[in-house]
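Okay, structure first, notes after.
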Amino acid sequence: MERYVCVHGHFYQPPRENPWLETIEQQDSAYPYHDWNERITAECFAPNAACRILDREDRIVKIVNNYARMSFNFGPTLLSWLEVFAPEVYEAILAADLASRENYSGHGAALAQAYNHIILPLATRRQKELQIVWGIRDFEKRFGRPPEGFWLPETAVDSETLELLSQHGIRFTILSPHQARRLRRLGEKDWEDVDGTRIETRRSYRLELPSGGTIALFFYDGPISRAVAFENLLHNGEDFAARLASAFSERKDEAQLVHLATDGETYGHHHRFGDMALAFALERLEREQLARLTNYGEFLEKHPPAWEVEIVENSSWSCVHGIERWRSDCGCRSGFRPDWHQRWRAPLRRSLDWLREYVDELFEEAAAPLLPATWEALQDYIQVILDRSEASLDAFWDRHAVHSLTREQRSRLLELLEMQRFAALMYTSCGWFFDEVSGLESSQILQYAGRVVQLASKFSGSALEESFKSRLAEIPSNLPEHGDGRRIYEKWVQPAQVDLLRVGAHFTLSSLFENYGESNRVFCYDVEVQDLKTFQADGARAAVGRAEIISRVTFESSRFSFASVHFGDHNVSGGVGPTLEESSFHELCSSMGELVGRIDLAGMVGLLDRHFPEHQYSLDSLFRDEQTKIVQIILDSVVSELEASMLSLYRQKTPLMRYLESLGLPLPRPLALTAQLVVDTELRKLMHQPDFSPDQLLRLVHEAEARRITLDSEGLGYDLQRHLERIAEQALSQPADLVSLDRVETMLDLISQLPVQVDLWRVQNLYWRVSQGSFAQSGDAAWREGFRGLGAKLRVGPPDSRPELPSQPALASEVSRSDLANQ
9 MERYVCVHGH
19 FYQPPRENPW
29 LETIEQQDSA
39 YPYHDWNERI
49 TAECFAPNAA
59 CRILDREDRI
69 VKIVNNYARM
79 SFNFGPTLLS
89 WLEVFAPEVY
99 EAILAADLAS
109 RENYSGHGAA
119 LAQAYNHIIL
129 PLATRRQKEL
139 QIVWGIRDFE
149 KRFGRPPEGF
159 WLPETAVDSE
169 TLELLSQHGI
179 RFTILSPHQA
189 RRLRRLGEKD
199 WEDVDGTRIE
209 TRRSYRLELP
219 SGGTIALFFY
229 DGPISRAVAF
239 ENLLHNGEDF
249 AARLASAFSE
259 RKDEAQLVHL
269 ATDGETYGHH
279 HRFGDMALAF
289 ALERLEREQL
299 ARLTNYGEFL
309 EKHPPAWEVE
319 IVENSSWSCV
329 HGIERWRSDC
339 GCRSGFRPDW
349 HQRWRAPLRR
359 SLDWLREYVD
369 ELFEEAAAPL
379 LPATWEALQD
389 YIQVILDRSE
399 ASLDAFWDRH
409 AVHSLTREQR
419 SRLLELLEMQ
429 RFAALMYTSC
439 GWFFDEVSGL
449 ESSQILQYAG
459 RVVQLASKFS
469 GSALEESFKS
479 RLAEIPSNLP
489 EHGDGRRIYE
499 KWVQPAQVDL
509 LRVGAHFTLS
519 SLFENYGESN
529 RVFCYDVEVQ
539 DLKTFQADGA
549 RAAVGRAEII
559 SRVTFESSRF
569 SFASVHFGDH
579 NVSGGVGPTL
589 EESSFHELCS
599 SMGELVGRID
609 LAGMVGLLDR
619 HFPEHQYSLD
629 SLFRDEQTKI
639 VQIILDSVVS
649 ELEASMLSLY
659 RQKTPLMRYL
669 ESLGLPLPRP
679 LALTAQLVVD
689 TELRKLMHQP
699 DFSPDQLLRL
709 VHEAEARRIT
719 LDSEGLGYDL
729 QRHLERIAEQ
739 ALSQPADLVS
749 LDRVETMLDL
759 ISQLPVQVDL
769 WRVQNLYWRV
779 SQGSFAQSGD
789 AAWREGFRGL
799 GAKLRVGPPD
809 SRPELPSQPA
819 LASEVSRSDL
829 ANQ
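First residue of the sequence shown? That's 9 in my numbering, and the numbers climb one at a time after it.
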C-alpha cells in the first residue's frame with residue numbers, strides 16, 4: 009500500500025491598503041510593527057521560509073523551507089505586498105514552488121486563489137470569472153507556470169464556479185468533508201449518500217460538470233485539520249507526526265492520501281512555533297519512512313480518481329449554514345460579543361450590489377467607444393495591475409483600444425478600470441465574517457466602496473454618493489455611537505477620501521520639514537516642483553511654490569500653487585489652489601519673505617487667506633504616516649527641553665532616591681515619574697547610537713529595576729533585534745573579520761542578561777548560510793574557533809556535525825525562536 013501525506017496551508021491576509029494612497033498606513037494595534045502584514049510576516053510567513061529543526065539539546069540542526077514540502081496558496085494581494093516589503097520571504101515562496109516541482113514529479117506546491125478572496129457562490133458569473141482570471145494571471149506572472157489547483161475562498165463552492173475553473177484549465181480544488189453530498193465508484197449506477205462528514209477523505213474524486221467537463225476534488229481530513237487549528241496538536245511535533253501516521257486505514261486496495269487544510273497563519277501566528285512543529289513532523293515522517301510526502305498535483309497524476317462525487321451546493325468550510333455568514337444573520341459569529349446581532353450583513357451586501365450594478369452599467373457605457381470588448385479588457389487589466397510601467401500600458405492599449413488614444417482618453421479609461429478594480433475589492437469576504445459592521449474589516453470594504461463612488465461620480469455626477477449613503481442608512485450597527493452604515497461611512501470613509509488637491513496639501517505642509525527635490529514621490533503620486541522658495545527667521549518658517557501632481561495609477565494630473573507656514577509647536581498652516589498668475593505668485597513670494605522676516609504671524613495667516621481662501625489645511629490634513637513623522641519632528645524640540653529639565657532634577661535627587669531605595673520605600677509619584685521619563689529617554693537615545701556601550705545599557709536596565717520602573721520590553725527587544733541584525737550582517741558577510749564576530753557575541757551576552765525577548769531568526773539564518781559554505785571549515789583557525797563560539801550562543805549545531813533528530817523532541821511550546829540564545 010502506498011501511503012502519502014500532504015499538508016495544505018491557506019496563507020492569506022485581507023488587503024489593507026488605503027484605496028487612495030495604495031499603501032498600508034500605520035496600524036497601532038500591530039505595535040511594535042508598522043502594520044499587521046508586517047507583524048504576521050515576522051510571526052508566520054518568514055519563519056516558515058526558514059524553519060528550524062532542533063536536536064535533543066535544542067540546537068538548530070537543520071533549517072528548511074516548509075513551503076517546499078507542503079501544499080500552499082498565497083492570496084495575490086498579499087503576495088504583491090510581500091514582493092515589495094518582504095522580498096526575501098517572497099523569493100523563498102517562489103523558490104519553494106520550484107523545489108517542489110523537482111521533488112514531486114514536476115508538480116508545484118503552489119495553488120492559485122480567487123484574486124481578492126470573495127465568496128464566489130454569491131457572485132455573478134462575470135464577477136466569478138474576473139476573480140478566477142485575475143487569480144490565474146497573477147499566479148502565472150509570479151510562479152512562471154499555469155496553476156494546476158485553485159483555492160476557493162472559505163472553500164465556498166457551487167457548480168458554476170467549478171465549471172469556470174475547469175474551463176480555465178484548473179484540474180482540482182480542495183473542499184471540506186461536509187461539502188460532499190454523495191459518491192459512487194466510476195462506472196457504477198448507485199450513489200452512496202455521504203452528507204455530513206462521512207466521505208472517505210484519503211482519495212481523490214472526480215466531479216462531472218453540467219457542461220460535460222470534469223474537475224478533481226480533494227476533501228481534507230476534518231478531525232486532523234481541527235486538531236491542528238483549534239486543539240493544540242501543534243504543541244508537539246512528535247504528536248503531530250504520530251497523528252498523521254496513524255490516520256491511514258488497514259485497507260490495501262488503493263493508495264491513501266492523508267491530507268489536511270488550515271489557514272496558513274496557524275503555523276506561527278495563531279500557534280506560536282507551529283512552524284517548527286510542522287517542520288519536525290514532516291521531517292520525522294520522511295526520515296522514518298512513515299509516509300511519502302507529496303502534493304495534490306503529483307498524487308492526482310499517480311492516482312487518478314476512481315470515484316465520482318457530487319457536492320453540497322452553496323457550502324463552505326466555516327459556516328454550518330452554507331454561505332449565509334456572508335449575507336445574513338445566520339448565527340455564525342466570532343464569539344467576542346454573543347449579544348451582538350449580524351442583521352447588518354444583508355443590507356451591506358444589498359448596498360454593494362446596488363453600487364456594483366450601477367458602475368457595471370456605467371463602465372460598459374463609458375468605456376465601450378474606446379474599448380469595445382470592455383469585459384475582456386477588464387480581465388486583461390490584471391497585466392497592468394501587476395506591471396504599471398509605460399511599456400505594459402502601451403501593450404494594453406495596443407491590444408484593446410480602437411485607435412491611438414490621447415493622454416486624456418487614457419486617463420479616463422484608467423479611472424473606469426480602477427473603478428472596477430475597487431468594485432471587486434469591496435466584496436472581500438472578511439467584511440462580513442466578524443461581528444460588527446464598524447469593525448476594521450467592514451470599514452475597509454466601505455473605503456473601497458468610497459473609492460468606487462468617487463471615481464464613478466466623475467462620469468455620473470455627485471448625486472451618486474448621496475444615493476449610496478441612503479442605502480447604507482439601512483445597515484444597523486450594534487454600537488449606539490455608530491448608529492448605522494451611513495454614519496460609519498461619513499465618520500471614517502468620507503474624511504479619508506483623497507483627491508489631487510489633498511495630495512497637494514500634504515506636499516505643501518510636508519515641504520516645511522522635508523528636503524524635496526524637483527521630482528518627488530508621495531505615495532502613488534508624483535509631484536514635479538516648478539518653483540520652491542523657503543524662508544526662516546527666529547523659529548518661524550515658510551515655503552511657497554508651484555508644482556504638478558500626477559497619479560501613478562490613472563495619470564490624472566493637476567498644476568497648483570501653494571504656501572505653508574510653521575509658527576512653532578503644532579501651529580502649521582498651508583494653502584493650495586490653482587496655479588497663480590506670474591504676478592500674483594511673485595507678490596506671494598515677496599510678501600511671505602517680508603512677513604517671515606518680521607515674524608508677523610497674523611500677516612502670514614492673512615496672506616494665506618487672501619491667496620487660498622477656499623483650500624487651507626493644517627497638520628490634521630497630513631496622511632497618517634507622514635503626520636506621525638512630522639509630529640515627532642515638532643515634538644523633538646519640545647521634548648528635548650522637558651528632558652533637559654527632568655534630567656537636571658533627576659541628577660539632583662538621585663542621592664535621595666538611593667536613600668529611599670535602601671530603606672525599601674517606594675519613590676513618591678513625582679520622583680517615580682521623573683525616573684521613568686529619564687531612563688526611557690536615555691534608553692531611546694542609546695539605542696539610536698550605531699555602536700552603543702553594552703555596559704551603559706546594562707546600567708540603565710539595572711537602574712530601572714532598582715527604581716521599579718516598567719520598561720517597554722517589547723520595544724526595547726525590537727530595537728535590540730534590529731541592532732543585532734545589522735552588526736551580524738556586517739560580521740557574517742565578510743568572513744575572517746574576527747573583531748566583528750566578537751561584537752556579535754558581546755551583544756548576545758548582553759541580551760541574555762536583559763528582561764527582553766529578541767527574535768534571532770534572521771541572525772541564525774545568516775549564520776546557517778555561512779556555516780554551509782566551505783569557508784566555515786577551511787578559513788583562518790582563529791576565525792573558525794570564533795565562528796563556532798558564535799554558533800553555540802546562537803544555539804546552532806556545529807557546521808561539521810549535524811546530529812540526528814531526537815527520539816523525543818522538546819515541546820514546541822517550550823522552544824522559542826527568540827529564546828534559543830538565552831537558554
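The beta-carbon is built from N, C-alpha and C at its ideal position, and this holds for glycine as well.
Contact annotation: S518 and I390 have beta-carbon atoms that are not nearer than 8 Å.
For the pair I642 and D577, the CB atoms are nearer than the 8 Å cut-off. When rounded, the separation of the alpha-carbon atoms in Y524 and D546 is 22 Å.
Between the region 199-213 and the region 256-274, the count of C-beta pairs closer than 8 Å reaches three or more; the two stretches touch. Nearest in C-alpha terms to K477, of all of N486, E489, P488, W500, is W500. Closest in C-alpha terms to R730, from the list S336, I759, E91, E171, comes I759. The alpha carbon of S397 has as its nearest neighbour, out of L370, E556, W325, V561, the alpha carbon of V561. By alpha-carbon distance to E156, the top candidate from T132, T163, N240, A120 is A120. Membership of E556 in the beta strand (DSSP E) is indicated by the continuous run 548-559. Between R292 and A118, the alpha-carbon positions lie close to 23 Å from each other. The shortest C-alpha to C-alpha distance from K801 to any of R333, T754, F93 is the one to T754. The alpha carbon of L363 has as its nearest neighbour, out of Q35, V97, E332, Q428, the alpha carbon of Q428. Here K499 is not bridged, per DSSP, to any residue. With a 10 Å radius around the Cβ and a threshold of 16 neighbouring Cβ atoms, H696 comes out exposed. Here H514 is buried, its C-beta having at least 16 other C-beta atoms within 10 Å. A504 and D443 have their C-alpha atoms spaced approximately 23 Å apart. Bounds of the alpha helix (DSSP H) holding D361 are 353-375.
In this structure, F180 and F226 form a Cβ contact; the two beta carbons are roughly 6 Å apart against a cut-off of 8 Å. Beta bridge pairing from DSSP links G605 with no other residue. In this chain, the beta strand (DSSP E) harbouring R529 covers 527-530. W352 and H329 have their C-alpha atoms spaced approximately 17 Å apart.
When DSSP states are grouped into helix, strand and coil, S326 belongs to the coil group. Our two residues, H574 and L668, have alpha carbons roughly 46 Å apart in a direct line. For V639, the three-state secondary structure derived from DSSP is helix.
The Cβ-Cβ distance between C438 and E449 falls below 8 Å. Distance from the CA of P676 to the CA of E526, rounded to the nearest whole angstrom, comes to 55 Å. Apart from sequence neighbours up to five positions away, the residues of its chain that approach Y98 with a beta-carbon distance below 8 Å are L87, L90, E91, ordered along the chain.
Rounded to the nearest angstrom, the Cβ distance from L708 to E690 is 5 Å, consistent with a contact under 8 Å. Bounds of the alpha helix (DSSP H) holding I735 are 721-740. Distance from the CA atom of G458 to the CA atom of H490, rounded to whole angstroms, is 18 Å.
Excluding residues up to 5 positions away in sequence, D166 lie with their Cβ nearer than 6 Å to the Cβ of E321 in the same chain.
When DSSP states are grouped into helix, strand and coil, T718 belongs to the coil group. The three-state secondary structure of K197, taken from DSSP, is coil. Rounded to the nearest angstrom, the Cβ distance from L130 to W334 is 6 Å, consistent with a contact under 8 Å.
In the DSSP assignment, V778 falls within the alpha helix (DSSP H) that extends over 769-779.
For S565 against I558, the beta-carbon gap comes to about 4 Å, under 8 Å, which counts as contact.
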